[in-house]
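Enquirer: The sequence shown begins at 1 in the UniProt record's numbering and counts up one residue at a time.
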Amino acid sequence: MCEALGSILSTTYKYKKNFKINKRAEDVPRGGSNPFQHLEKSAVLQEARVFNETPINPRKCAHILTKILYLINQGEHLGTTEATEAFFAMTKLFQSNDPTLRRMCYLTIKEMSCIAEDVIIVTSRQLTLTMADLVGPGVRLLSIRSSWWGTCGGLWERIQGSTRGLGLKAADHLGTVVPTCHSGGQGASPLALCPQYHALGLLYHVRKNDRLAVSKMISKFTRHGLKSPFAYCMMIRVAGKQLEEEDGSPLFDFIESCLRNKHEMVVYEAASAIVNLPGCSAKELAPAVSVLQLFCSSPKAALRYAAVRTLNKVAMKHPSAVTACNLDLENLVTDSNRSIATLAITTLLKTGSESSIDRLMKQISSFMSEISDEFKVVVVQAISALCQKYPRKHAVLMNFLFTMLREEGGFEYKRAIVDCIISIIEENAESKETGLSHLCEFIEDCEFTVLATRILHLLGQEGPKTNNPSKYIRFIYNRVVLEHEEVRAGAVSALAKFGAQNEEMLPSILVLLKRCVMDDDNEVRDRATFYLNVLEQKQKALNAGYILNGLTVSIPGLERALQQYTLEPSEKPFDLKSVPLATTPTAEQRTAVKQPEKVAATRQEIFQEQLAAVPEFQGLGPLFKSSPEAVALTESETEYVIRCTKHTFTEHMVFQFDCTNTLNDQTLENVTVQMEPTEAYEVLCCVPARSLPYNQPGTCYTLVALPRDEPTAVACTFSCMMKFTVKDCDPTTGETDEEGYEDEYVLEDLEVTVADHIQKVMKVNFEAAWDEVGDEFEKEETFTLSTIKTLEEAVGNIVKFLGMHPCERSDRVPENKNTHALLLAGVFRGGHDILVRSRLLLLDTVTMQVTARSSEELPVDVILASVG
1 MCEALGSILS TTYKYKKNFK INKRAEDVPR GGSNPFQHLE KSAVLQEARV
51 FNETPINPRK CAHILTKILY LINQGEHLGT TEATEAFFAM TKLFQSNDPT
101 LRRMCYLTIK EMSCIAEDVI IVTSRQLTLT MADLVGPGVR LLSIRSSWWG
151 TCGGLWERIQ GSTRGLGLKA ADHLGTVVPT CHSGGQGASP LALCPQYHAL
201 GLLYHVRKND RLAVSKMISK FTRHGLKSPF AYCMMIRVAG KQLEEEDGSP
251 LFDFIESCLR NKHEMVVYEA ASAIVNLPGC SAKELAPAVS VLQLFCSSPK
301 AALRYAAVRT LNKVAMKHPS AVTACNLDLE NLVTDSNRSI ATLAITTLLK
351 TGSESSIDRL MKQISSFMSE ISDEFKVVVV QAISALCQKY PRKHAVLMNF
401 LFTMLREEGG FEYKRAIVDC IISIIEENAE SKETGLSHLC EFIEDCEFTV
451 LATRILHLLG QEGPKTNNPS KYIRFIYNRV VLEHEEVRAG AVSALAKFGA
501 QNEEMLPSIL VLLKRCVMDD DNEVRDRATF YLNVLEQKQK ALNAGYILNG
551 LTVSIPGLER ALQQYTLEPS EKPFDLKSVP LATTPTAEQR TAVKQPEKVA
601 ATRQEIFQEQ LAAVPEFQGL GPLFKSSPEA VALTESETEY VIRCTKHTFT
651 EHMVFQFDCT NTLNDQTLEN VTVQMEPTEA YEVLCCVPAR SLPYNQPGTC
701 YTLVALPRDE PTAVACTFSC MMKFTVKDCD PTTGETDEEG YEDEYVLEDL
751 EVTVADHIQK VMKVNFEAAW DEVGDEFEKE ETFTLSTIKT LEEAVGNIVK
801 FLGMHPCERS DRVPENKNTH ALLLAGVFRG GHDILVRSRL LLLDTVTMQV
851 TARSSEELPV DVILASVG
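Shown next, in the form of structure tokens:
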């Protein structure tokens, strides 16, 4: 393909270079060196009439075709009539025996086939001898009789190879091929290299939807062999695709045999195919990795780059398989090609041992200044993964990252480094003070507002918990003095968090906040005034609720609720519990680079509007929670497909059943789902789907009342039965019978768990939230998890079962420890905060001590009853 296109372009260039352009006024360029700069569409189409002259002038016609292609590629619009007339005139050019003119015709056909309509191609004998190449309505090829190849098949081999290759490529673009073209692509006589590749691609394009036909094609060519390396690469890709869909030892053997091909391109293609096979074992990867290892020492830069890039991919899933190549990769670190060196470094970072990290960091330092920010980001991401793998090396890695942070670089590069340092701080408590010190120095001369505010937020969150929190105050207050308003506002919030958690520093913080009250910016003044008044109260509950953890509601939801409250005034005060809860940490919302002007409605808000429109659901109050995904109550292949979404209110639950009728000879009417609970739930009513025509989804609802003051009855299982009226209908006309009959359909049981009654929320400072709730309603019990053998499994099961949010990264269990504390936060239906502290001990089994706190007694009882 490459050789054919190269031949065309070079020939076209020669024609353009050797043309003797008539020096008319309109042909003389008035500026620049482009001879086609001032072409006019009408003039070029007028010149196209030359195509009808006899004899044909190949040079002149090729030049006009070049002009047409230039106009099309420059975005000039050709009308359907104009394109059709030019296309008709162009077909006569196939009478010429000039191969270059025919190539230009093929290129023009490809470009104009999507413009011209209702085109009838007049095929001459010369065109037929070249190939069956026709464009018509819907972009089709004309049908050629099977006997054509029997009488003229030998002429196919006499056509110039590049022209045949281009013809096959054009047919591949057109998409529909007559069966008689197949033999032209797979004749017994030797084909030129590019046409063989195009012919194989065309055959696969025709047969790709028929797995058996593709298998036969692969079997035939793998048995008889191919001459073109391009065709071999195509065959390897086809075989690899087949292997992804079904296991086939002969296909893998064929790909593996290509590793011994004499063409380097084929060898690499085979190695790449093996590496990308899903579920490939280390044993199967070994020969491909060995070949790539040899390519690492190749004198060709392209092969070295391809090898190290592929090894980099292997290292993501099978780092141990690449370990044998580490010596070769280390030699590539000093490669003159910086792209190769970068990939070698990142691969070594994924496969290297803990003892080699110091040496690798020294090697990286030598060339970091020579590569672009894009490659630097790749290196930083690899270092971040290495930090998680070898946490004891955090000091070396942190120093290297800080050195990079002080150098020049763009926003994406600096953000990658900051993200990496923050992740190290969160993962490794020992690195906290070192990392915070580095970040403090960085914001002294940080030109990126987003990064400065994010670091200030981190300092406010983590700084008060360090051994010497006062040392960070200078860096934070400097931002109030030196920076613009956005950073000053972030600094004020960080100062308030220090005052809320440290009584000794509170007087100094109050003095600094009083200075900020005189700031020029409204946001800075408002924050300083608010925090100052809260801190002066010296109440832990206020500090926790309004400074440390803040609101747990959705900010867009709060805005909509307040707007609705102002539009419909009420004597009742505004209830914050009516606002949907936030599903993401507020900190992430603050650090967003750009907030959209109009916030789209959330999934829960959409459900709220839909349910509010149902008369039977009036008076249920605000929607507390909707299940994150619908539960399937039938198999997807059954005649009726039913999926259920659970909606929880303060004292009720609504079950939404999305139903689809897959029978084209039936229409269902008055569809309801009758539910029978195993606990004290009370079914109040069913809202039917009036009609379910074929393949048109409909919705019905069932409303139930929740049990009151019965914590053990929160978890419940419902047996479900769909009841409906069946009316037969004509599949062709859709006419439905007037009379029908009653029928019913058994569905899968539906479970309601404790997680359906709890909404997860983020508490940035769990201790402050724990103190804020108080110990009035606190209960503690100890359980033995006899079937669980690891702390990781216990933590995962508890988080999933309770549906609460793990705080302060307590869902991550440190290695080689047999004790762990899991901190969970949530809100129970009705708006009651619920906090759980779970202490886990691993001996032979896992023992769990659960302590729950809430502002009401019922949520605590529900948690302990459900765990028990």
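All C-beta atoms, glycine included, are put in the ideal place defined by N, C-alpha and C.
(1) Closest to residue 551 by C-alpha separation, out of 826, 95, 103, would be which residue?
(2) Hey, residue 617 and residue 654: beta-carbon distance below 8 Å or not?
(3) When the distance is taken between beta carbons, is residue 510 closer than 8 Å to residue 553?
(4) Which residues mark the beginning and the end of the beta strand (DSSP E) in which residue 752 is found?
(5) Could you have a look at residue 610 and say whether DSSP puts it in helix, strand or coil?
(6) Please check the pair residue 72 and residue 47, which I expect to be a contact at CB under 8 Å, by giving their CB distance rounded to whole angstroms.
(7) Let me check one thing: in DSSP terms, what residues is residue 677 bridge-paired to?
(8) State the Cα-Cα distance for the pair residue 78 and residue 231, rounded to the nearest angstrom.
(9) Could you please give the first and the last residue of the uninterrupted beta strand (DSSP E) stretch that includes residue 779?
(10) What residues match up with residue 661 in a beta bridge as DSSP calls it?
(11) Check whether the Cβ atoms of residue 311 and residue 292 sit closer than 8 Å, and answer yes or no.
(12) Starting from the Cα of residue 839, find the closest Cα among 706, 822, 830 and give me that residue.
(13) How about residue 475 and residue 440: are their beta carbons less than 8 Å apart?
(14) Using alpha carbons as the reference points, say which of 472, 88, 425 lies closest to residue 392.
(15) Measuring only the C-alpha atoms, how far is residue 433 from residue 469?
(16) Please give me, in chain order, every unbroken run of the alpha helix (DSSP H) with length at least 4 that falls completely inside the region 90 to 117.
(17) Can at least three beta-carbon pairs, one atom from the region 737 to 749 and one from the region 714 to 726, be found at a separation below 8 Å?
(18) Using a threshold of 8 Å, state whether the C-beta atoms of residue 57 and residue 89 are closer than that.
(19) Taking the beta carbon of residue 400 as the centre, do at least 16 other beta carbons fall within 10 Å, making it buried, or is it exposed?
(20) Sort out for me which residues DSSP pairs residue 654 with in a bridge.
(21) Does the separation of the CB atoms of residue 870 and residue 712 fall below 8 Å?
(22) Considering only residues of the same chain and omitting the five flanking positions on each side of residue 398, which have a CB-CB separation below 8 Å?
(23) Just list the residues that DSSP pairs residue 632 with in beta bridges.
(24) To the nearest angstrom, how far is it from the Cα of residue 67 to the Cα of residue 61?
(25) Ignoring anything shorter than 4 residues, give me the alpha helix (DSSP H) runs that lie fully in the UniProt domain "Coatomer subunit gamma C-terminal" (755 to 867), in order along the chain.
(26) What alpha helix (DSSP H) runs, 4 residues minimum, are completely inside the region 208 to 283?
(27) Looking at residue 498: is its Cβ nearer than 8 Å to the Cβ of residue 460?
(28) Under 8 Å between the Cβ atoms of residue 687 and residue 714?
(29) Quick one: what's got a C-beta closer than 8 Å to residue 692's C-beta in the same chain, skipping five residues either side?
(30) Report the rounded CA-to-CA distance for residue 529 versus residue 535, giving the unit in angstroms.
(31) Which runs of the alpha helix (DSSP H) fall wholly inside the region 296 to 361 and span at least 4 residues, in chain order?
(32) With H, G and I counted as helix, E and B as strand and the rest as coil, what does DSSP make of residue 618?
(33) Roughly how many angstroms separate the alpha carbons of residue 97 and residue 103, rounded to a whole number?
(34) Are the beta-carbon atoms belonging to residue 802 and residue 824 less than 8 Å from one another?
(35) Taking residue 111 as the reference, give the member of 99, 92, 86 with the closest Cα.
(36) Looking only at DSSP bridge pairs, what is residue 746 linked to?
Expert: Short version:
(1) Nearest option by C-alpha distance: 826.
(2) yes
(3) no
(4) 750 to 752
(5) The three-state secondary structure of residue 610, taken from DSSP, is helix.
(6) About 15 Å separates the two Cβ atoms, so there is no contact after all.
(7) 718
(8) 37 Å
(9) 777 to 785
(10) Per the DSSP secondary-structure output, residue 661 pairs in a beta bridge with 640, 694.
(11) yes
(12) 822
(13) yes
(14) 425
(15) 10 Å
(16) 99 to 112
(17) Contact between the region 737 to 749 and the region 714 to 726 is present, because at least three Cβ pairs lie under 8 Å.
(18) If you check the CB distance, residue 57 and residue 89 do not come in under 8 Å.
(19) buried
(20) 647, 703
(21) The first residue shown for the chain is 1 and the last is 868, placing residue 870 beyond what the model contains.
(22) 421, 424, 431, 434, 435, 438
(23) 643
(24) 10 Å
(25) 766 to 773, 791 to 802, 857 to 867
(26) The region 208 to 283 contains these whole alpha helix (DSSP H) runs: 211 to 224, 229 to 245, 249 to 257, 264 to 276.
(27) yes
(28) no
(29) 659, 660, 661, 667, 668, 669, 671, 698, 724
(30) 10 Å
(31) 301 to 317, 319 to 322, 326 to 332, 338 to 351
(32) In the three-state DSSP reduction, residue 618 falls in the coil class, being neither helix nor strand.
(33) The alpha-carbon atoms of residue 97 and residue 103 are separated by roughly 11 Å.
(34) Yes, the pair counts as a contact, with Cβ atoms nearer than the cut-off.
(35) 86
(36) 721
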